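In the UniProt record's numbering, the protein residues as written are 1 to 82.
Heads up, the beta-carbon is just placed ideally off N, CA and C, and yes, glycines get one too.
A quick note: this is a predicted structure, and the numbers were derived from the prediction, not measured.
Here is the structure we will look at.
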Amino acid sequence: MPYATNSDLPESVKDNLPAHAQDIYREAFNSAWEQYKDPKERRDKDDTREETAHKVAWAAVKKKYEKPDEDGDQGGKWRAKG
Numbered sequence: 001m002p003y004a005t006n007s008d009l010p011e012s013v014k015d016n017l018p019a020h021a022q023d024i025y026r027e028a029f030n031s032a033w034e035q036y037k038d039p040k041e042r043r044d045k046d047d048t049r050e051e052t053a054h055k056v057a058w059a060a061v062k063k064k065y066e067k068p069d070e071d072g073d074q075g076g077k078w079r080a081k082g
């Protein structure tokens, strides 16, 4: 179930990530969805295709974005690193 647009993303992604981070998430999810369709290709063999794609997508976002501590000045919003 690849995502055609950012508006198709899960609420947990849309409500928390800035637009560029949503782009990263969507592109990584869609790529992983194709790459890991064979369960033998997945690191955790018990994960579904969708679970694997979501893990890959979050990992991709975390390379360029971070979520400050709850005490941070951004109110817990994700922001670009450095």
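How many Å lie between Tyr65 and Val13 at the Cα? Computed Cα separation, rounded: 13 Å.
Could you give the distance in angstroms between the alpha-carbon of Met1 and the alpha-carbon of Ile24? If you take the alpha carbons of Met1 and Ile24, they lie about 17 Å apart.
Report yes if the CB atom of Lys62 is closer than 9 Å to the CB atom of Pro18, and no otherwise. With contacts defined by Cβ atoms closer than 9 Å, Lys62 and Pro18 do not form a contacting pair.
Do the region 24-39 and the region 49-58 meet, that is, are 3 or more Cβ pairs less than 8 Å apart? The region 24-39 vs the region 49-58: in contact.
For Ala80, count the other beta carbons within 10 Å of its own beta carbon; 16 or more makes it buried, fewer makes it exposed. Which is it? Answer is exposed; the Cβ neighbour count stays below 16.
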